[in-house]
Amino acid sequence: MMMTPAIILLIIFVIIPIVYGFYLSFHRWDGFNSPVFIGTRNYIRLIERDDVFLKAVTNTIIFAISVVLVKNVLGLFLALLVNQKIKGVIFFRTALFLPVTLSFVVIGLLWSWIYNPTFGLLNAGLELLGLDSLIRAWLSDQATALGAIITVDIWKWTGFHMVLFLAGLQSIPKDLYEVAIIDGAGAWTRLRRITLPLLAPVTFISVLLSLNGAFVRNFELVLRCTDGGPNHTTEVVLTHLVTQAFRFGKLGYASAMGFALFLVVAVIAFSYIRIGRSGAYNF
Amino acid sequence: MATAARQTNPDIFGDLFSKPLTDRLKLLLVYAILIVATVQTIYPLFWMVFGSLKTDADLFNNVWGPPRTMIWQNYVDAWRIADLGARIGNSIIITVLSLSVLLIVSSIAAYALARLQFPGRQAIFLIILATMMIPPEVTVIPLFIVVRTLGILNSRFGLVFVYAGTSMAFSIFLLRGFFMSIPPELEDAALVDGANRLQVFWHVVLPLARPGLATVAIFQGMFFWNEFFLAFIFIRQAELQTIPLGLVNFFYRYSADWTLYFAALSMVTIPVIVLYVAMQRWFIEGLTAGAVKS
């Protein structure tokens, strides 16, 4: 009874689209004529004949590994710093979290200007430092475009992970550290033996959120910065999917791509949750 | 890091002059790192505001510095050309309505999942978990057909239900964790006194779950306010557009009017920053409460 409104909304706006999308993934469909059943040909084509898709998968994986690693390591490091009782710590916490509140439209526009070759902050800064040899068009240079986008994503989200880790740090009882100090444990030992083990539940959530985000929340950022270019060097699965669906009208093919992505994310997430469960964390 | 040791030294200046050299150096290092991190985080935003007040020539020749003369007219022009007033109104209406629908519906459902025994409870929860991993880009084509069939395409109302529906799973997942952490004894007492489940939920549980509701409101409020892709698909009429849509349109329509873009961007960003700074305790505590409980 109490579930009814939620279930109705979920069925209409989530379940039906998913089921219908799954159905479409076995069809050829341009959005106007009726869908033609073609079996698993969309999926086969995806793996055997779409080089851009393979490139997009590689880029998505590179993106995911980099952002998950850097956001969490940097987030934990900053959390350890702002967990200390020093002057101005609230200011640092507030400032470092700020980019989390801004939209990808704002951030994408802002950073494509920072990387802009003629009036961009980055090139002007390099010039000031005398590093002229490094000056380039960061987002249209094939060698740097993906790295530049990864940097923006890290810039936006590190503060978020810092705050998660900070909450974890503050829930660790202080007397544990006092006892450890009396026992002669150094800072490094305390970090390894007390902080990291007791932080495991928060680390689990933090990594899970960044992992999920890295696969399924990168579309708007890439769209704003490069739209997959130059020459597909920043193409991720979601940008390729949207291009196929909305620019070329291959709706069935795009659906197949979506489910292939979902399958990969689901396998990664559920095996991660399973490992987490057997370890330190329980749902 | 010497976390615990530092906690006994609250005064940085005291630290600097009375502690042994290594500790002072450590403290200086901590500040140096924090300052570098903070500058790289917020300087781009200052740069955006600087750019919004510059002339074109100033923007290109004086990249890093503040404006030489303040061109407030940029703001007037950008506000008028980008039609920001209407867009801000749309964003407020859509965010508030989506949040209301989402909070009411998902909190009741999450409570049922956390407390009541009914057949299929575990299955429903697992389905909800799985749907969280499907991005809107994947289901947007069939979702478009559903919305068109319901006749709510191109309306604020339609986008509100799309937002509430697609955020339902995450919100239920988070709130369920909160409700499970509230001791059931409180509710049992009220039930014995003759209150029904819905009354217990309203008068006993919801007030206790306020941090959880705040978490959802902040998370999802930021998401609705900032969302571009779904709004782009479901809203085509210019007068119904939200801020992100308006900004992107503005950006593509007038090529290379950089100072005006900076002004438009500043106008939509500064209020968000002010709101966030004023409520930063809520933001940070809300998010951390959500992370620890769910």
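So the sequence lines, in the order shown, correspond to chains F and Y.
Number 273 in this note's numbering belongs to position 258 of the first sequence; there are no gaps in the numbering.
Number 164 in this note's numbering belongs to position 72 of the second sequence; there are no gaps in the numbering.
Here a beta-carbon is modelled for each residue, glycine too, at the ideal position from N, C-alpha and C.
This one's a predicted model, so the numbers in the text were calculated from it and none came from an experiment.
Asked                                                                                                                                                                                : Found
I'd like the list of long-range same chain contacts for F/Thr173, defined as Cβ closer than 6 Å, with 5 residues on each side in sequence excluded.                                  : Lys86, Leu89, Gly90
Within the segment 54 to 93 of chain F, note down every full alpha helix (DSSP H) run reaching 4 residues or more, in order along the chain.                                         : 56 to 63
Would you tell me roughly how many angstroms separate the C-alpha atoms of F/Leu25 and F/Gly140, rounded to the nearest one?                                                         : 49 Å
Of all the residues that make up the segment 242 to 270 of chain Y, which are near chain F by a beta-carbon distance shorter than 8 Å?                                               : Leu242, Phe253, Val254, Ala256, Gly257, Thr258, Met260, Ala261, Ile264
Let me check understanding here. Comparing Cα to Cα, which of F/Ile197, F/Tyr192, F/Pro216, F/Gly291 lies closest to F/Arg205?                                                       : F/Tyr192
At what residues does the alpha helix (DSSP H) containing F/Thr248 begin and finish?                                                                                                 : Per DSSP, F/Thr248 belongs to no alpha helix (DSSP H) and is neither H nor E.
Am I right that Y/Leu126 and F/Phe134 are in contact with their C-beta atoms under 8 Å? What's the rounded C-beta distance?                                                          : Y/Leu126 to F/Phe134, Cβ: 29 Å. No contact.
Cβ of Y/Val238 within 7 Å of any heavy atom in the ligand NAP?                                                                                                                       : The ligand NAP is not among the ligands present in this structure, which contains no ligands whatsoever.
Using a threshold of 8 Å, state whether the C-beta atoms of F/Ala215 and Y/Ala201 are closer than that.                                                                              : no
Can you tell me the Cβ-Cβ gap for Y/Pro303 and F/Leu125, rounded? I've got them flagged as a contact below 8 Å.                                                                      : So it is not a contact: roughly 32 Å between Cβ atoms.
Does DSSP classify F/Arg43 as helix, strand or coil?                                                                                                                                 : strand
What do you get for Y/Phe354, buried or exposed, if any count of 16 or more other CB atoms within 10 angstroms of its CB means buried?                                               : buried
In the structure shown, what three-state DSSP assignment does F/Val51 receive?                                                                                                       : strand
So, does the segment 280 to 291 of chain F touch the segment 222 to 229 of chain Y, judging by three or more C-beta pairs under 8 Å?                                                 : yes
Out of curiosity, what's the CA-to-CA distance linking Y/Leu108 and Y/Ala129?                                                                                                        : Because Y/Leu108 carries a pLDDT of 48, less than 50, the predicted location of this residue cannot be relied on, and no value is offered for it.
Considering Cα atoms alone, identify which of Y/Thr223, Y/Met140, Y/Tyr255, Y/Val155 is closest to Y/Trp317.                                                                         : Y/Tyr255
Show which residues of chain Y have a CB atom less than 7 Å away from the CB atom of F/Arg108.                                                                                       : Ile376
DSSP state of Y/Phe315, grouped into three classes?                                                                                                                                  : helix
Check whether the Cβ atoms of Y/Val122 and F/Gln157 sit closer than 8 Å, and answer yes or no.                                                                                       : no
What residue range is occupied by the uninterrupted alpha helix (DSSP H) comprising Y/Ala353?                                                                                        : This sequence places Tyr at residue 353 of chain Y; Ala is not what is there. First-last of the alpha helix (DSSP H) with Y/Tyr353: 350 to 370.
Exposed or buried, which one is Y/Gly338 when buried takes at least 16 other CB atoms within 10 Å?                                                                                   : buried
Between the beta-carbon of F/Val82 and the beta-carbon of F/Ile220, is there less than 8 Å?                                                                                          : no
Evaluate contact between the segment 267 to 274 of chain Y and the segment 204 to 212 of chain Y, counting only Cβ atoms and requiring at least three cross-stretch pairs below 8 Å. : yes
Taking Y/Asp169 as the reference, give the member of Y/Asn154, Y/Trp350, Y/Ile362 with the closest Cα.                                                                               : Y/Trp350
Verify whether the separation of the beta carbon atoms of Y/Thr231 and F/Gly264 is less than 8 Å.                                                                                    : no
DSSP three-state call for Y/Arg373: helix, strand or coil?                                                                                                                           : helix
With 7 Å as the limit, tell me which residues of the segment 125 to 156 of chain Y have their beta carbon closer than that to any beta carbon of chain F; keep them in chain order.  : Ile125, Leu126, Ala129, Thr130, Thr133, Ile134, Pro136, Trp139, Met140, Leu151, Phe152, Val155, Trp156
Taking the alpha-carbon positions, what's the F/Gly46 to Y/Ala281 distance?                                                                                                          : 57 Å
Buried or exposed: which applies to Y/Asn288, given that a residue is buried once 16 or more other Cβ atoms fall within 10 Å of its Cβ?                                              : exposed
Counting only beta-carbon atoms, is F/Thr166 nearer than 8 Å to chain Y?                                                                                                             : no
For Y/Ala309 versus Y/Leu191, is the C-beta distance shorter than 8 Å?                                                                                                               : yes
At a CB-CB cut-off below 8 Å, which residues of chain F make contact with Y/Ala201?                                                                                                  : Met17, Met18, Pro20, Ala21, Ile22
Could you name the residues of the segment 341 to 352 of chain Y whose beta carbon sits closer than 9 Å to any beta carbon of chain F, in the order they occur along the chain?      : Phe343, Trp350
Under 8 Å Cβ-Cβ, which residues of chain F neighbour Y/Val364?                                                                                                                       : Thr116, Leu117
At 7 Å on the CB atoms, spell out the chain F contacts of Y/Gln222, in chain order.                                                                                                  : Reading off the sequence, residue 222 of chain Y comes out as Ala, not Gln. By Cβ distance, chain F contributes Ala281.
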